[in-house]
Amino acid sequence: MPQNSLVILEILHYLTPVAVAAFATISSAIATCFVPPSKRSIVNKDRQTVSKWLTLALTALYGAEGFLYLLRALVRHGWWASADSVTYVMLSVFVWSVIFIILDDSKAPYWPVYVGSWVVGIILEIAVSTLAVQVTTRRDGFDNTGASLRALRILCLLALCVSAIFTRTEKAVALDTEGQPLLRASRGGERTPESDARYGAVKAKPISAAGTDCNVGETQDETRKLREEQQRRVEEAGGWWSYLKEFRILLPHVIPYRNWRMQAYIAVLLAILLSQRAINVLLPRQVGILVDKLAQVAGQGSVPLKEIIVVAFFKILDDLFLDPIMSLLSNRVTNWSYWKLQSFAFRHIMSLDMEFHQKKDCGEVQRAINQANSLNQMPVTIFLTIGPVLFDLLVALGYVAYLFDVYFTTLLVTVGVTHVIVTYKFTLWNGPRRRMYQETSRMEAKLLNQALSNWSTVASFNRQSYESRRFSDVTKLDSDGKTKFNDSSQRMYFFQHLILLLGYVAVMLLAADRVSQGVRPVGNLVTLVLYWSTLTRPINTMAHWYSMVIEHIIDAERLLQLLGEKCSITDTPGAKRLEIRDGMVEYQDVKFSYDKRKQTINGISFTVDPGATVALVGETGSGKTTTCKLLFRFYDISHGSISIDGQDIRSVTVDSLRDVIGVVPQDPSLFNETIMENVRYARLDATDEEVYDACKAAAIHDTIMTFPDQYNAKVGEGGKKLSGGELQRLAIARVFLKSPKIVVLDEATSSVDTETESRIQESFSELSAGRTMFVIAHRLSTVMDANLILVINKGEIVERGTHEGLLKRKGKYYDLWIKQSLNTSVKCSRRSSVTEGGNDKVFLTPGLTEERASTKDILISFDDINQVDGQRESKDLDEETPKRRGRVQKRIHNFKECFGKREDEEETFGIRDGSEDTSPMRRVSPCSSFGKILKTATKPGTTTNESHHSSFLKKSPSSSSAQPSYCGGRPGFSDTQGGLKIPVRPASSRSSIPIPVSSMRTPPPLNSLRGSVASTRSTLHHSGSRGSNPITPRGKDDEDATPEIPSSYHTPGTSISNRRDGGD
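In terms of full-length UniProt numbering, the sequence shown is numbered consecutively and its last residue is 1064.
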């Protein structure tokens, strides 16, 4: 019985610490996989402290037993504790030390893991204590002390269980489980300054690579948000196991289920892995055998060729065959996986709807797609790196115990655990320093980027020295932070290497002792030396591997979130291709909203006949573009239907629908390719000649031929090397090349000049033949020829009809036309100027140059101009203009005070050549005079239908009668010609002073509103006497006459010129 008890006790000595550690690890892993973070609770801090110190006391009691062994060995020469007893004490000390460290660092321990470990410890400790009493035959003080220590350990374990059972929980928190150490049962979710840098946190980049995070890496905020999103998904999934199962969507693109070639590669890789594991054990052992053989034949002159050949064979096989083949095959497998993942992710992104692409962050999406490059490394890292090395470690521990004894294995485990603890603690300590230098590195990169990209601003304000000082200060902070972090890292490396060195020395001493005693051959010592790197490599790289796996999981999380996006626009089951015949489009009670709280399109209905042109007009944000997006099925409508040739667009495939529609967007974007490739993108099989014809139709061919590389010229990112007009004409060329049945023009000519617009409009006439056209326009003059004009306001069609009909209706369209015409007048008046006769110096007219000039401001400006003529003294003018003196000169001086001043020059004015009225100046009133507008001669052959785009001034509030009078040269208006306000032509006077005022413009009558127009002239005449002379009303015959459109006023010595861009 004592002999059996001794065997059982020996087994329990080995089993007890291993069982406690295994239970803690396995239960922690199970809890992590299947217990949601919200189920883990924070306990009362005081009671947690009690459990922590009881665990430390338990560790000290195991250490006291080891100290008792040493003391007994010193007292009794030749006595030494059994190997199982020493192993039991040493492993127990380290297991409970690790549990203490975890409990001390944990903010929300998952209590069942700890309670279970303590219960297992109590059961085994009671069994060990009972058997120890049974096998002890003679008792002395050391035996009694040992029994007392075992009794105290049992009491500590009971107290731990009681403290855990009666501990009150406070609140549930989410845990940052991916940052836990390998043996950590639970980890607090509360973030502290040290929590991000604990063991298992993302490994810091090398110092030489620091500072690039701002440009190519993610910021800490992005990482934090990603981890928070990951924790949310873990909570929703109910644990890490359910969460990791979501990654099954990636397995077909990582594991080649249907690719027999890749499967063959993987099979060969597995065979190589097994061969290398065997060689890792056999090669050191064979070297040991060779040394033993040499020791035997030493001095005999014989060479152990057999043993040498075996060593060479293993070495050649591993270095020349297995390693290169493994590298070649693993690269092929990882590259295949990268190709599949990258293609799958990109295909998924391109299949998503517009809602996703409008809210996406392009940088984040690109990073997510690029994670395929790192994600496909995860299987390689786990199966070809971490797995084999851990397998080698387990084999090495058993093999070393076989070569020598269990002391060596215990010593190696002790070294490994100590190394992990030291690394973990130093990582916590280095965390703030690491974050500090990373933050300063980002600040440095950010400041450098901003200074370089805003160099013109820096130079304009002469702040080069200021920016240099700022950059120098930030760089100094970055340098100091890197130095401090490097110093603390070096201290960590020092202690890591010190632990390994002490372990190496201890192992060598034990091995030398065994060899010197003749217990083991010298070859075993050589084998152990060669095997040392296999033993210590996992210890050195364990933290790095853990960080690498965590990085892979975070990368996979970003890609997984992207692949989890669902497309709301998909082909319905049984969808057929769209059969386009005539191109008739019908909207029936269509409703749509981006946000359910606000309706965007509210029940619009209209029909576009085949080959007809429909124009959508309205204010910005009224729903014009959204209406056309629904036709493309970029969004699905919530009510009603949209059909093409009687086919609901939801019942046909999306590809066939978009194949028959062409679009010219308002802000087109091109690829950074050649012009030829960009235009051919509309129809990939188009020939060069077809591309040329499309560009000619879009009036861009001649411009392209002026480029050095012509059609092979690169357009730059997004087409930034082209002007706005060139960019838009290339987009138009794409539509010409595609030649779709339905065309959508979204402000297609908004960025081109008048001449080019005229040419493009002619091309559109050709394009529209036999095609259904949707035209979105703000410039109403471009849609006057449309068969149907829809006026959209707040998602509803408020008016519909033709241009003439809508104007006669005087509704919303009429108001838009009036506002647009007035805005054109204001824009033109901003470019008006007053110039002294015969000189080039320009003086801007105050009222006409205001950014937001109103009608009242413009009329007041004309009043100021008319005051120029309010002189009391004047002379009859002949061919030459005499110098003005007296009151005239004073008045001119006042005029110059308003419009500008030119000193030391005499005021001379000349009659403008070609003036319509050259009668001499008479004595006129200094007060504001009455003005009238007379039509000026136009060029021969010019008709009123060729007048320029017109806008006009509103009627003065004081002018309400049918026969308005004018003060200060303000033109009057009468409601004629279909409700348009047309200036009244007053009676002619004896003399006139022509004053060019290009800003005085009104719209032409209805019969001249269509087509292109040319500018006309009018002359403002002043009455020759004081007082208010009535304006002679227009006769009946004049009512049907073409109204005059004042575009310029002329006065002797002063002119107001209108500088107009070609695109107005």
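A virtual CB, placed ideally from N, CA and C, is assigned to each residue, including glycine. All values reported here derive from a predicted model rather than from experimental measurement.
Cβ-based burial, residue i [other Cβ within 10 Å; buried from 16]
{"i": "Trp79", "result": "exposed"}
{"i": "Asp105", "result": "buried"}
{"i": "Pro17", "result": "buried"}
{"i": "Ser163", "result": "buried"}
{"i": "residue 1069", "result": "As shown, the chain starts at 1 and ends at 1064. That puts residue 1069 outside it, with no answer to give."}
{"i": "Tyr402", "result": "exposed"}
{"i": "Trp111", "result": "buried"}
{"i": "Ile316", "result": "exposed"}
Pair within 8 Å by beta-carbon distance, residue i and residue j
{"i": "Tyr681", "j": "Met354", "result": "no"}
{"i": "Ile580", "j": "Lys741", "result": "yes"}
{"i": "Glu619", "j": "Ala697", "result": "no"}
{"i": "Val735", "j": "Gly662", "result": "yes"}
{"i": "Ile637", "j": "Val585", "result": "no"}
{"i": "Ile789", "j": "Ala612", "result": "no"}
{"i": "Tyr591", "j": "Gly640", "result": "Per the sequence presented here, residue 591 reads as Lys, with Tyr not at that position. Yes, these two residues count as a Cβ contact at 8 Å."}
{"i": "Thr772", "j": "Ile760", "result": "no"}
{"i": "Leu730", "j": "Val679", "result": "yes"}
{"i": "Val474", "j": "Leu447", "result": "yes"}
{"i": "Met676", "j": "Val691", "result": "yes"}
{"i": "Asp487", "j": "Thr440", "result": "no"}
{"i": "Leu70", "j": "Thr145", "result": "no"}
{"i": "Glu125", "j": "Leu157", "result": "yes"}
{"i": "Phe471", "j": "Tyr437", "result": "no"}
{"i": "residue 1069", "j": "Ala132", "result": "Summary: the structure shown does not reach residue 1069, with the chain confined to residues 1 through 1064, and so no result is reported for it."}
{"i": "Thr334", "j": "Met548", "result": "no"}
Paired residues, beta bridge with residue i - DSSP
{"i": "Gly801", "result": "Ile789"}
{"i": "Ser641", "result": "Gln588"}
{"i": "Ala22", "result": "Paired residue(s): none; Ala22 is not in a bridge."}
{"i": "Asn602", "result": "Lys591"}
{"i": "Gln647", "result": "Ile644"}
{"i": "Ile661", "result": "Ile742"}
{"i": "Lys566", "result": "DSSP output for Lys566 lists no bridge partner at all."}
Spatial neighbours of residue i in its chain, beta-carbon cut-off 6 Å, leaving aside the 5 residues before and after
{"i": "Ala21", "result": "Val95"}
{"i": "Met378", "result": "His552"}
{"i": "Tyr587", "result": "Ile604, Ser605, Phe606, Ile642"}
{"i": "Leu562", "result": "Ala368"}
{"i": "Ile797", "result": "Ile604, Leu790"}
Contacting residues, own chain, Cβ-Cβ under 8 Å from residue i (five flanking each side not counted)
{"i": "Leu103", "result": "Gln48, Ser51, Lys52, Thr55, Pro109, Tyr114"}
{"i": "Asp746", "result": "Thr625, Cys628, Val663, Val664, Pro665, Gln666, Ile776"}
{"i": "Val135", "result": "Pro2, Ser5, Leu6, Leu9"}
{"i": "Arg72", "result": "Trp79, Ala81, Phe142"}
Residue i versus the options, residue with shortest Cα-Cα distance
{"i": "Val281", "options": "Leu730, Phe67, Thr527", "result": "Thr527"}
{"i": "Phe391", "options": "Leu273, Ile642, Thr130, Arg633", "result": "Leu273"}
{"i": "Gly116", "options": "Ser28, Leu68, Gly66, Gly416", "result": "Ser28"}
{"i": "Gly288", "options": "Lys340, Gly523, Ala81", "result": "Gly523"}
{"i": "Asp648", "options": "Leu70, Gly719, Lys576, Gly716", "result": "Lys576"}
{"i": "Met326", "options": "Ile266, Phe764, Asp595", "result": "Ile266"}
{"i": "Val395", "options": "Glu125, Leu780, Ala278, Gly724", "result": "Ala278"}
{"i": "Leu509", "options": "Asp609, Phe404, Leu251", "result": "Phe404"}
{"i": "Met443", "options": "Lys476, Trp429, Leu428, Val458", "result": "Lys476"}
{"i": "Phe313", "options": "Asn486, Gly299, Met436, Pro284", "result": "Pro284"}
{"i": "Tyr814", "options": "Tyr243, Ile101, Leu780, Ala786", "result": "Leu780"}
{"i": "Glu757", "options": "Ala786, Glu726, Ala769", "result": "Glu726"}
{"i": "Arg558", "options": "Ile255, Lys819, Pro324, Glu364", "result": "Glu364"}
Sequence-distant residues of the same chain with beta carbon closer than 7 Å to residue i, five excluded per side
{"i": "Leu501", "result": "none"}
{"i": "Arg658", "result": "Phe632"}
{"i": "Gln496", "result": "His419, Val422, Thr423"}
{"i": "Tyr399", "result": "Val281"}
{"i": "Asn454", "result": "none"}
{"i": "Gly63", "result": "Val93"}
{"i": "Thr943", "result": "Residue confidence is low: Thr943 scores 39 on pLDDT, short of 50, so the model does not pin down where it sits. No coordinate-derived value is stated."}
{"i": "Gly716", "result": "Asn672"}
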